[in-house]
Amino acid sequence: MSPVLAGVLQLLALMAALALAYRPLGDYMARVYSSEKHYKPEKWIYKAIGANPSAEMRWPAYLRAVLAFSAVGVLFLYLLQRVQGILPGSLGFSSIDPDQAFNTAASFVANTNWQSYYGEQAMGHVVQTGGLAVQNFVSAAVGMAVAVALVRGFARSRTGELGNFWSDLVRGTVRILLPISVIGAIVLVACGAIQNFAGIHEVGQFMGGTQQWNGGAVASQEVIKELGTNGGGYFNANSAHPFENPTPFSNLFEIFLILVIPFALTRTFGRMVGNLRQGYAILATMGIIWIGFTALMMWTEFAHHGPAFEVSGGAMEGKETRFGVGASAIFSVATTLTSTGAVNSFHSSYTGLGGGIQLLGMQLGEIAPGGTGSGLYGMLIMAIIAVFIAGLMVGRTPEYLGKKISTREIKLAACYILITPALVLCFTAAAMALPTPGNSMTNSGAHGFSEVLYAYTSGANNNGSAFAGLNADTQWFNSTIGIAMLLGRFLPMVFVLALAGSLAEQKPVPETAGTLRTDKPLYAGLLVGTILIITGLTYFPALALGPLAEGLAS
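Just so you know, the sequence shown maps onto residues 70 to 623 in the numbering used here.
Okay, structure coming up:
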């Protein structure tokens with residue numbers, strides 16, 4: 070079988086699996102977030118944290134709860150790393166330096182999982198399982214809670230109440246993420262992923278010396294790493310490591326985990342607003358962009374430019390021979406179009422245009438299908454922008470799901486889409502202008518610029534993947550990328566929740582003959598165009614200096 074055919078068949082199998090899971094998972098999540106019943110373990114949690122799960126919250130209270138919970142998470146994870154040296158199960162590793170501890174704490178709480186350290190050489194069992202793995206669950210649940218709050222803003226009227234953050238957080242963790250993770254971990258263990266609390270072993274001979282391997286609770290962390298679109302690997306090689314991703318089947322299963330909740334949330338959205346066709350329109354938009362990016366990536370990486378490419382069947386540099394070009398390309402697009410950041414290949418070794426596709430996928434806002442929760446609310450913001458543009462074209466006040474998009478709503482949406490590009494471009498410009506940060510670049514010219522641009526794009530968009538040619542373990546990059554991750558995560562949430570509160574206070578507007586049908590293919594096409602033009606062109610000058618220049622020169 071040719072490598073191209075193998076890649077296409079894997080893509081088709083993945084699409085079939087996602088289609089089978091779409092309806093039951095989407096409907097189940099809608100029931101979870103709409104239920105008034107609290108299970109006994111959930112009541113124990115509410116009692117322990119002193120929360121009243123039945124108390125409705127307006128958007129300022131909901132936002133304060135999100136920020137307070139996340140701030141405590143940053144502080145706890147920072148302190149856990151700082152005292153690692155005296156903890157049991159530390160595997161002999163010392164405490165983490167302050168700048169790296171801050172960067173890692175900000176990274177995992179912000180659902181970014183950017184890692185400027187070697188996981189198997191820095192973090193012991195307690196930090197990995199009690200710190201990083203826990204944040205993999207709750208940071209994903211926070212994103213889902215904010216998305217559900219925005220959906221309630223569309224679904225409710227004449228009230229500013231958006232639900233209860235603590236209830237949404239606990240239900241998302243206990244009823245959705247945890248059960249799927251248990252099943253997924255069993256599947257990964259069956260595939261060969263390790264799951265233990267073993268220490269460091271010296272094995273075999275490696276270039277005249279012994280090689281050290283760590284044990285760890287890898288399978289359980291790997292599954293929530295992908296399911297929660299987190300991305301931080303137990304080992305530095307991430308999902309290219311055989312302990313994390315042993316076989317081609319486990320590779321396809323991990324891609325499925327990355328995509329299944331973000332895609333299924335469109336069904337949840339349609340169910341909660343009472344119009345499934347609206348959810349299908351959002352799904353179609355996400356699907357068009359995802360399939361288009363995957364096809365482009367496979368084309369760039371399978372294109373043959375000389376004898377070496379012809380012999381290997383594509384651009385195999387930096388890719389695992391276990392997976393090949395096709396599976397690596399599918400994984401790469403899935404992880405950069407979501408906020409996952411997991412990698413099964415070396416992104417810096419992709420072709421120049423392939424690296425540009427990875428960058429653009431993140432720069433679109435990671436909304437196709439995006440992260441757990443963040444992809445849905447990012448896409449709904451773009452949907453509001455699209456109906457606003459359509460309203461300008463015909464000279465009428467835009468409406469979406471029975472809510473008028475007035476000056477207040479469009480200002481909040483505009484602030485949302487401007488925050489991340491401002492962070493990425495300003496920090497990249499500062500790093501390139503100052504003399505010291507440039508010493509971290511291992512490449513010069515267009516590729517070196519792409520390394521820096523990729524780092525800040527990944528951080529501010531809460532992705533976490535890296536070109537890996539950049540030495541980011543410095544005080545400058547640890548601090549600035551940490552700030553970019555926190556601001557890129559929580560500032561947009563401010564505007565999302567303020568928008569949700571504004572929408573929930575409105576009274577529904579009846580449809581008329583002039584109302585734009587947002588459940589039709591025409592609107593889906595308009596939404597795709599809006600995303601590519603508004604967000605894509607924002608970064609075009611920077612892309613022209615980096616991956617486009619490199620790709621056209623090769």
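Cβ atoms here follow ideal geometry from the backbone N, Cα and C, with glycine treated the same way.
Reference R221; option with closest CA among M213, G212, V211 and G232: Along the sequence shown, read from residue 1 onward, the residue named residue 221 stands at position 152. Per the Cα distances, G232.
Delimiting residues of the alpha helix (DSSP H) encompassing S527: As a position in the sequence shown, residue 527 is number 458, starting the count at 1. Element bounds for S527: G514 to A529.
Distance CB(N283)-CB(R558) smaller than 8 Å: To locate residue 283, count along the sequence shown from 1; it is residue 214. To locate residue 558, count along the sequence shown from 1; it is residue 489. No, they are not a contact pair.
Per-residue DSSP class, three states only, for R225: Working through the sequence shown from its first residue, we reach residue 225 at position 156. Of the three classes helix, strand and coil, the one that applies to R225 here is coil, per DSSP.
8 Å Cβ shell around L87 - same chain, five flanking residues per side excluded: Looking up residue 87 in the sequence shown gives position 18. For L87, the CB contacts under 8 Å within the same chain, skipping 5 residues up- and downstream, are F325, L328, V329 and F332 in chain order.
Contained alpha helix (DSSP H) runs [length at least 4] in the region 266–339, N- to C-terminal order: 287–296
Burial state of G464 (16 or more Cβ within 10 Å): As a first step, residue 464 must be located in the sequence shown, where it is residue number 395. Per the 10 Å Cβ criterion, exposed.
For Y102 and A455, the rounded distance between their alpha carbons: As a working mapping, residue 455 is identified with position 386 in the sequence shown. As a working mapping, residue 102 is identified with position 33 in the sequence shown. C-alpha separation (whole angstroms): 27 Å.
V292 to K472 span [Cα, whole Å]: One-based indexing of the sequence shown puts residue 292 at position 223. One-based indexing of the sequence shown puts residue 472 at position 403. Roughly 38 Å separates the two Cα atoms.
DSSP bridge partner residues for Y187 (one or two, in chain order): Position 118 of the sequence shown holds residue 187. DSSP output for Y187 lists no bridge partner at all.
Touch test, the region 446–461 against the region 207–219, Cβ-Cβ under 8 Å, three pairs minimum: yes
Same chain, Cβ closer than 8 Å to D96, neighbours up to 5 away in sequence not counted: As a first step, residue 96 must be located in the sequence shown, where it is residue number 27. Cβ neighbours of D96 beyond the five flanking positions: R336, T337 and R340.
Beta-carbon spacing of L146, F177 below 8 Å: Translated into the one-based positions of the sequence shown, residue 146 becomes position 77. Translated into the one-based positions of the sequence shown, residue 177 becomes position 108. A contact, by the Cβ cut-off of 8 Å.
Simplified DSSP assignment, three categories, for R133: As a working note, residue 133 is residue 64 in the sequence shown. In this structure, R133 counts as helix in the three-state DSSP scheme.
Cα-Cα separation between T173 and V207, rounded to whole angstroms: For this step, residue 173 is matched to residue 104 along the sequence shown. For this step, residue 207 is matched to residue 138 along the sequence shown. Their Cα atoms are separated by approximately 15 Å.
Spatial distance of L494 from H270 (CA atoms): As a first step, residue 494 must be located in the sequence shown, where it is residue number 425. As a first step, residue 270 must be located in the sequence shown, where it is residue number 201. Rounded to whole angstroms, the separation of the alpha carbons of H270 and L494 is 44 Å.
Span separating the alpha-carbon of E323 from that of T407: Numbered from its first residue, the sequence shown carries residue 323 at position 254. Numbered from its first residue, the sequence shown carries residue 407 at position 338. Straight-line Cα distance between these residues: approximately 13 Å.
Alpha carbon of G161 to alpha carbon of V394, nearest angstrom: As a working mapping, residue 161 is identified with position 92 in the sequence shown. As a working mapping, residue 394 is identified with position 325 in the sequence shown. Their Cα atoms are separated by approximately 38 Å.
Whole-number beta carbon distance between T489 and G570, since they are thought to touch under 8 Å: For this step, residue 570 is matched to residue 501 along the sequence shown. For this step, residue 489 is matched to residue 420 along the sequence shown. In fact, because the Cβ distance is near 22 Å, the residues do not count as touching under 8 Å.
Contact check, G76 vs M385, beta carbons under 8 Å: Along the sequence shown, read from residue 1 onward, the residue named residue 76 stands at position 7. Along the sequence shown, read from residue 1 onward, the residue named residue 385 stands at position 316. Cβ atoms of G76 and M385: not closer than 8 Å.
Whole-angstrom C-beta distance between N320 and V63, which should lie under 8 Å: The first residue shown for the chain is 70 and the last is 623, placing residue 63 beyond what the model contains.
Host alpha helix (DSSP H) of D166 (start-end): Along the sequence shown, one-based indexing puts residue 166 at 97. Careful: D166 lies outside any alpha helix (DSSP H) and carries neither H nor E.
Contact between the region 412–429 and the region 179–196 (3+ Cβ pairs under 8 Å): no
Nearest candidate by alpha-carbon position, reference G212, set A498, G444 and K480: Residue numbering aside, residue 212 sits at position 143 when the sequence shown is read from its first letter. Comparing Cα-Cα distances from G212 to each of A498, G444 and K480, the minimum goes to G444.
The region 579–587 contacting the region 474–488, beta-carbon criterion three pairs below 8 Å: no
Of the residues K116, L83 and L601, the one placed nearest F318, counting alpha carbons only: As a position in the sequence shown, residue 318 is number 249, starting the count at 1. It is L83.
Under 8 Å between C-beta atoms of A202 and Q264: To locate residue 202, count along the sequence shown from 1; it is residue 133. To locate residue 264, count along the sequence shown from 1; it is residue 195. No, Cβ-Cβ distance for A202 and Q264 is not below 8 Å.
Candidates A396, T607, S534 and L572, of which the one nearest I486 by Cα: Looking up residue 486 in the sequence shown gives position 417. Closest option to I486, Cα to Cα, is T607.
Integer Cβ distance of G297 from S534, believed to fall under 8 Å: What you label residue 297 is simply residue 228 of the sequence shown in a count that begins at 1. What you label residue 534 is simply residue 465 of the sequence shown in a count that begins at 1. Their Cβ separation, rounded to whole angstroms, is 15 Å, which puts G297 and S534 out of contact at 8 Å.
Three CB pairs or more closer than 8 Å across the region 149–164 and the region 102–117: Contact fails between the region 149–164 and the region 102–117, because fewer than three Cβ pairs, one in each stretch, are under 8 Å apart.
Whether W235 touches A134 by CB criterion (8 Å): Here residue 235 corresponds to residue number 166 of the sequence shown, with the count starting at 1. Here residue 134 corresponds to residue number 65 of the sequence shown, with the count starting at 1. Contact: yes.
DSSP-derived helix/strand/coil call for R92: Counted from its first residue, the sequence shown places residue 92 at position 23. In this structure, R92 counts as helix in the three-state DSSP scheme.
Segment contact, 8 Å Cβ cut-off, at least three pairs: the region 500–516 with the region 541–549: yes
Neighbourhood of I118 by C-beta, 8 Å cutoff - its chain only, sequence neighbours within 5 removed: Along the sequence shown, read from residue 1 onward, the residue named residue 118 stands at position 49. Taken in chain order, the residues that qualify are W235.
Proximity winner among R244, G517 and G439, relative to E295 (alpha-carbon distances): As a working note, residue 295 is residue 226 in the sequence shown. That would be G439, whose Cα lies nearest to the Cα of E295.
Cβ distance (whole Å) where L492 is taken to contact V521 below 8 Å: Reading the sequence shown from its first residue, position 423 is the one you call residue 492. Reading the sequence shown from its first residue, position 452 is the one you call residue 521. So it is not a contact: roughly 14 Å between Cβ atoms.
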